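So the sequence shown is numbered by this note's numbering: it starts at 23 and just counts up by one.
In this text, a Cβ means the ideal position worked out from N, Cα and C, and glycines have one as well.
Bear in mind that the values here come from a model prediction, so they are computed numbers and not experimental data.
Notes follow the structure.
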Amino acid sequence: MSTPPSPDLMDLDAFEGGYDHELFAHLREHDPLHWNAEPDGGPGFWSVTRYQDVVAVANNHSAFTVAQGTQIPSRRAEGEGARSIHHVDPPDHGPLRRVSTPHLRPVKVKALEPDIRTVIDELLDKHVGQGTFNFVHEISARLPVVMISRLLGAPLEDCDRIIEWTNRMSPDDPEHSTGPEDAVAARNEIFEYFRSLEDQRRIAPADDLISALVNGSANGKPLTRGELDAYYLIIMVAGNETTRNLLSGGTYALHQNPQAWEALYQQPAKSRLAVEEMLRWVSPIICMRRNATRDVEMHGKTIRQGDKVVMWFTSANRDPRAFERADEFIADRHPNDHLGFGWGEHACLGSNLARLEARLFYSRLAERNLRLEVMGGPARLRSNFFRGTKRLDVRLEHRHA
């Protein structure tokens, strides 16, 4: 396709069609701070597309705030929700985040490795030799939801409900949601679900994340209703989507690069590097928004106080100024300082778990000598926030069968 004179990053056709990277390449070279209008009378926003600029915005909490929202649409949180973890800047953000740290730190996540292996093996056993199936629904969506449910202490029989709720939280894709109202309804159902689990933990605490949140405190005060709800939303939606999209997009990337598949079979331990490259290549979280707290000069333009500023992680991850051969999938790329989980204080809360799940999934495929054969192109999520895949048809077979 030919790049339009002024690329519109609110055109979801580009993301669903998989040609948004051509738009970002144009912007990085010709308009690295790009003003983008919004439909339906929105105020518009600045797009930051180069790696160093994205990192600079993410690190500058005094000039760029999360308090007015982190997605492009201007939906500002009110009341207790305005104090939720994803709407709070440092230094107040730290105490809120640390409430969950004991259950998400590397040593705690590492202890889940036997459970993750078991779940992966069960999923593989179910589908090996059984013909074509939708990888997203059967594996990449299910694995993270099962593990997050165990971490939280949610009943495993509720996993299908949780997957349905998280799907409905994508309001721009008609296959998943009927619109913003349906997304709000799904959000409220998630809140009610976890409030019922809270009531159980207050009576009988357990060694799980729900108990830690219910009984936790930030700056000496118990978490508010809005802070608790926001935690559940981040963990169940963002935690599920990032791993789901990493596995789906990573599997398709390996399909497009069969030499990388073969390298994994020869050395399963290299799955660690391969997963990092998948994170760079896929960018499960496409972007995050800030608002300027003061006038800021960048690339000869003035970002005015109050303006929305969008950090495009997906563009930064393909910036040739930061990565050699940025448009190539290099499974053993090192170093690899990608922004696949965002950057800085507000980087993905569950990144340790997502990395471990993906690493174990691909290493188990190699160790068991199983082959995932992709049967066609992906059906992509209609979104400029999550790099989602709705359907990826695959077959799972023994390599030498």
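Inset, instruction - Could you pull out every residue in the same chain whose Cβ sits closer than 7 Å to the Cβ of Ile138, ignoring the five residues on either side in sequence? - result: Indexing the sequence shown from 1 puts residue 138 at position 116. Here the set comprises Met169, Leu378, Glu379, Leu382.
Legend entry - Alpha-carbon to alpha-carbon, Arg266 and Pro128: If you number the sequence shown from 1, residue 128 lands on position 106. If you number the sequence shown from 1, residue 266 lands on position 244. For Pro128 and Arg266, the distance between alpha carbons rounds to 20 Å.
Inset, instruction - Return the Cβ separation of Arg386 and Asp75 in integer angstroms, given the expectation that the two are a contact with Cβ distance under 8 Å. - result: Stepping through the sequence shown from its first residue, residue 386 is reached at position 364. Stepping through the sequence shown from its first residue, residue 75 is reached at position 53. Between Arg386 and Asp75, the beta carbon gap of about 39 Å keeps them out of contact (Cβ cut-off 8 Å).
Legend entry - Per-residue DSSP class, three states only, for Glu14: Not covered by the structure: residue 14. The range shown for the chain is 23 to 423.
Legend entry - Val141 versus Glu367: straight-line alpha-carbon distance, rounded: Reading the sequence shown from its first residue, position 119 is the one you call residue 141. Reading the sequence shown from its first residue, position 345 is the one you call residue 367. Near 31 Å, if we compare the C-alpha coordinates of Glu367 and Val141.
Legend entry - Rounded C-alpha distance that separates His115 from Leu371: Counting from one through the sequence shown, the residue named residue 115 turns up at place 93. Counting from one through the sequence shown, the residue named residue 371 turns up at place 349. Straight-line Cα distance between these residues: approximately 12 Å.
Inset, instruction - Output the distance between the C-alpha atoms of Asp251 and Asp42, rounded to the nearest integer angstrom. - result: Translated into positions along the sequence shown, residue 251 becomes position 229. Translated into positions along the sequence shown, residue 42 becomes position 20. Spanning the alpha carbons of Asp251 and Asp42 requires a straight line of approximately 33 Å.
Legend entry - Spatial distance of Ala338 from Leu361 (CA atoms): Locating residue 338 in the sequence shown gives position 316, where the first residue counts as 1. Locating residue 361 in the sequence shown gives position 339, where the first residue counts as 1. Their Cα atoms are separated by approximately 7 Å.
Inset, instruction - Give the straight-line distance between the Cα atoms of Leu418 and Lys412, rounded to the nearest whole angstrom. - result: Numbered from its first residue, the sequence shown carries residue 418 at position 396. Numbered from its first residue, the sequence shown carries residue 412 at position 390. Pairing Leu418 with Lys412, the inter-Cα distance amounts to about 18 Å.
Inset, instruction - Please go through the stretch 240 to 280 and give each complete alpha helix (DSSP H) segment of 4 or more residues, from N-terminal end onward. - result: The stretch 240 to 280 is shown to contain whole alpha helix (DSSP H) runs of 4 or more residues at 247 to 255, 261 to 278, in chain order.
Inset, instruction - Could you check the C-alpha separation between His159 and Gly322 for me, to the nearest Å? - result: On the sequence shown, position 137 is the one that residue 159 refers to. On the sequence shown, position 300 is the one that residue 322 refers to. Taking the straight line joining both Cα atoms gives about 46 Å.
Legend entry - Reduced DSSP secondary structure (H/G/I, E/B, other) of Gly322: Reading the sequence shown from its first residue, position 300 is the one you call residue 322. Looking at Gly322 - three-state DSSP - the assignment turns out to be coil, as it is neither helix nor strand.
Legend entry - Start-to-end residues for the alpha helix (DSSP H) that takes in His149: The residue labelled residue 149 in the question sits at position 127 within the sequence shown. Start and end: 135 to 149.
Legend entry - Cross-strand partners of Asn156 (DSSP beta bridge): In the sequence shown, the residue the question calls residue 156 occupies position 134. Looking at the DSSP assignment, Asn156 forms a beta bridge with Asp415.
Legend entry - Selection from Pro29, Glu51, Asp33 that minimises the alpha carbon distance to Pro342: Within the sequence shown, numbered from 1, the residue matching residue 342 stands at position 320. With distances taken between CA atoms, Pro342 lies nearest to Glu51 out of Pro29, Glu51, Asp33.
Inset, instruction - Could you give the DSSP three-state label for Trp303: helix, strand or coil? - result: Sequence index remark: in the sequence shown, residue 303 carries index 281 (1-based). Of the three classes helix, strand and coil, the one that applies to Trp303 here is helix, per DSSP.
Inset, instruction - Please state whether DSSP places Leu392 in a helix, a strand or coil. - result: To locate residue 392, count along the sequence shown from 1; it is residue 370. Leu392 carries a strand assignment under DSSP once its states are collapsed to helix, strand and coil.
Inset, instruction - Within the stretch 184 to 235, note down every full alpha helix (DSSP H) run reaching 4 residues or more, in order along the chain. - result: Counting only runs of at least 4 residues, the stretch 184 to 235 fully encloses the following alpha helix (DSSP H) elements, listed from N- to C-terminal order: 202 to 225.
Inset, instruction - May I ask you to check if the CB of Thr315 is nearer than 7 Å to at least one heavy atom of the ligand ATP? - result: Ligands in the displayed structure: none, and consequently the ligand ATP is not present.
Inset, instruction - Consult DSSP for Asn406 and reduce its assignment to one of helix, strand or coil. - result: Here residue 406 refers to the residue found at position 384 of the sequence shown. For Asn406, the secondary structure class from DSSP, reduced to helix, strand or coil, is coil.
Legend entry - C-beta contact flag for Val110 and Leu118 at 8 Å: Walking along the sequence shown from the start, residue 110 turns up at place 88. Walking along the sequence shown from the start, residue 118 turns up at place 96. In contact: Val110 and Leu118 (Cβ atoms closer than 8 Å).
Legend entry - Reduced DSSP category for Gly103 - H, G, I as helix; E, B as strand; rest coil: Position 81 of the sequence shown, counted from the start, is the residue given in the question as residue 103. Because the pLDDT at Gly103 is just 46, under 50, the model does not fix this residue reliably, and the point stays unresolved.
Inset, instruction - Enumerate in chain order the residues of its own chain whose CB-to-CB distance from Glu227 is below 6 Å, with the five nearest sequence positions on each side excluded. - result: As a first step, residue 227 is located in the sequence shown; it is residue number 205 there, counting from the start. The residue asked about is misnamed: residue 227 is Pro in this sequence, not Glu. Around Pro227: Ser233.
Legend entry - Span of the alpha helix (DSSP H) around Met32: Position 10 of the sequence shown, counted from the start, is the residue given in the question as residue 32. Where Met32 is concerned, there is no enclosing alpha helix (DSSP H), given that its DSSP letter is neither H nor E.
Legend entry - Option in His422, Ile257, His356, Leu403 with minimal Cα separation from Ser373: Locating residue 373 in the sequence shown gives position 351, where the first residue counts as 1. Taking only the C-alpha atoms, the option nearest Ser373 is Ile257.
Inset, instruction - Just mark Ala282 as buried or exposed, buried being the case when its beta carbon has 16 or more other beta carbons within 10 Å. - result: Residue numbering aside, residue 282 sits at position 260 when the sequence shown is read from its first letter. When all chains shown are included, Ala282 counts as buried.
Legend entry - Coil, strand or helix - Leu55 by DSSP: Start at 1 with the first residue of the sequence shown, and residue 55 comes out as number 33. Correct three-state label for Leu55: strand.
Inset, instruction - Go ahead and pull the three-state DSSP assignment for Arg127. - result: Locating residue 127 in the sequence shown gives position 105, where the first residue counts as 1. Here Arg127 carries a coil assignment [DSSP, helix/strand/coil].
Legend entry - Pairwise C-alpha distance: Leu55 and His48: Within the sequence shown, numbered from 1, the residue matching residue 48 stands at position 26. Within the sequence shown, numbered from 1, the residue matching residue 55 stands at position 33. Distance between the alpha carbons of His48 and Leu55 is about 12 Å.
Inset, instruction - Could you check the C-alpha separation between Ala104 and Ile185 for me, to the nearest Å? - result: Within the sequence shown, the letter at position 82 stands for residue 104. Within the sequence shown, the letter at position 163 stands for residue 185. Model confidence at Ala104 stands at a pLDDT of 44, short of 50, so the residue's coordinates are unreliable; what they give is reported in the following sentence. Cα to Cα, Ala104 sits roughly 26 Å from Ile185.
Legend entry - Distance between Gly364 and His420 (C-alpha atoms, nearest Å): Sequence index remark: in the sequence shown, residue 420 carries index 398 (1-based). Sequence index remark: in the sequence shown, residue 364 carries index 342 (1-based). Rounded to whole angstroms, His420 to Gly364 spans 36 Å at the Cα level.
Legend entry - Within 8 Å, strictly: CB atoms of Ile441 and Arg311: Outside the displayed range of the chain (23 to 423) lies residue 441, so it cannot be described from this structure.
Legend entry - Residues of its chain near Thr188, where Cβ-Cβ distance is below 6 Å and the 5 sequence neighbours each way are ignored: For the purposes of this step, residue 188 is taken as the residue at position 166 of the sequence shown. Correct list, in chain order: Val259, Asn262.
Legend entry - Closest by C-alpha distance to Glu395, when choosing among Gly66, Leu301, Asn279: As a first step, residue 395 must be located in the sequence shown, where it is residue number 373. It is Asn279 whose Cα lies nearest to the Cα of Glu395.
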